[in-house]
Amino acid sequence: DGGITQSPKYLFRKEGQNVTLSCEQNLNHDAMYWYRQDPGQGLRLIYYSQIVNDFQKGDIAEGYSVSREKKESFPLTVTSAQKNPTAFYLCASRNHWRDPNQPQHFGDGTRLSIL
Amino acid sequence: AQSVTQPDIHITVSEGASLELRCNYSYGATPYLFWYVQSPGQGLQLLLKYFSGDTLVQGIKGFEAEFKRSQSSFNLRKPSVHWSDAAEYFCAVGETSNTGKLIFGQGTTLQVKP
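Note that the protein sequences, when read in sequence, are chains A and B. Heads up: the first sequence begins at 4 in the numbering used here, then just goes up one per residue. Heads up: the second sequence begins at 5 in the numbering used here, then just goes up one per residue.
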């Protein structure tokens with residue numbers, strides 16, 4: 004079955020450490036997105052990518068970095084510059100070129116906590 | 005700037021009762037509107053979407069939503085709620101069709117009483 008796989012499900016970060024969250028999709032979708040979810044704040048966009056080797060900052064990109072070397076993969080690195088990284092992170096993808104009206108499809112998320 | 009407001013943070017209904025979750029948006033043109041549902045610790049699942057045409061849209065799990073341009077609203081409804089509907093519900097508006105970016109409301113948590 005096609006879908007979006009996020010790993011790990013739970014992740015712990017030490018002070019001063021960078022951590023990378025994995026997002027893989029086998030839907031052949033062009034566009035991929037990373038969101039951060041905090042209680043009572045809905046979802047906020049961190050980064051997005053419409054095509055391979057290209058990505059744009061979202062609303063809260065500071066302290067995060069991404070890469071898009073392959074169509075199916077869009078890893079997110081939470082750097083030590085992100086002072087409040089504890090949150091639930093959601094990855095999504097969207098079939099861009101074939102039909103611009105397609106909705107976003109979501110993975111099951113990664114919960115990141117500070118040790 | 006575009007925005008989405010879900011006025012109710014938390015709603016409790018009895019099982020079998022009807023449900024309406026409110027969503028108001030701010031957008032100049034005809035919006036692309038979505039409702040998603042999230043169970044605890046899970047990702048978001050699409051319930052339904054509206055782009056154009058019939059203003060009453062049907063979704064999965066017996067949900068429907070009505071687009072009202074005059075009220076800038078896209079409220080979600082279900083005639084009879086089941087205990088399994090307890091979850092968090094998010095309304096979202098698409099920024100433009102080319103970027104696919106979504107702007108989400110803050111969410112409404114639904115509790116179902118037996």
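Each residue gets a CB set at the ideal place from its N, CA and C atoms; glycine is no exception.
Only those residues of the stretch 98–115 of chain B whose C-beta falls short of 9 Å from the nearest C-beta of chain A are listed: G98, T100, S101, N102, T103, G104, K105, L106, I107, F108, G109, Q110 and G111. Per DSSP, the unbroken beta strand (DSSP E) holding F58(A) starts and ends at D57 to K60.
A check of alpha carbon separations from P78(A) across N56(A), Q44(A) and I117(A) identifies N56(A) as the nearest. Beta-bridge annotation (DSSP): G98(B) is paired with Y36(B) and L106(B). If you check the CB distance, S88(B) and S22(B) do not come in under 8 Å. In the DSSP assignment, N28(B) is bridged to T9(B) and S77(B).
A Cβ-Cβ contact shorter than 8 Å links V97(B) with Q6(B). Listed in chain order, the non-local C-beta contacts of F71(B) below 7 Å within the same chain comprise L37, Y54, T59 and F78, local neighbours out to five positions each way being set aside.
In the same chain as G20(B), and ignoring 5 residues on each side of it, the C-beta atoms closer than 6 Å to its own belong to S84, in chain order. Remark: C-beta atoms of F109(A) and L48(B) approach each other more closely than 8 Å. Non-local C-beta neighbours of Y29(B) in its own chain, meaning closer than 8 Å and more than five positions away in sequence, comprise Q6, S7, V8, T9, P35, L37, S76, S77, F78, C95 and V97, ordered along the chain. Sequence-distant Cβ neighbours of E99(B) in its own chain, meaning closer than 8 Å and more than five residues away, are Q6, K105, L106 and I107. Residue contact check for K53(B) against chain A: a CB pair falls below 8 Å. The straight-line gap separating the alpha-carbon atoms of L48(A) and V81(A) is approximately 14 Å.
The alpha-carbon separation between Q42(B) and K117(B) amounts to approximately 18 Å. DSSP, read as helix, strand or coil, puts I64(B) in helix.
Put simply, of N21(A), K12(A) and S25(A) the residue whose alpha carbon is nearest the alpha carbon of E72(A) is S25(A).
When the five nearest sequence neighbours on each side are left out, the beta carbons in the same chain lying within less than 8 Å of the beta carbon of K12(A) are those of D111, G112, T113 and R114, in order along the chain. Here G45(A) is buried. Its C-beta has 16 or more other C-beta atoms within 10 Å. Neighbours of G47(B) in chain A, taken as residues whose beta carbon is under 9 Å from its own, are I7, Q9, L93, C94, A95, H108, F109, G110, D111 and G112 in chain order.
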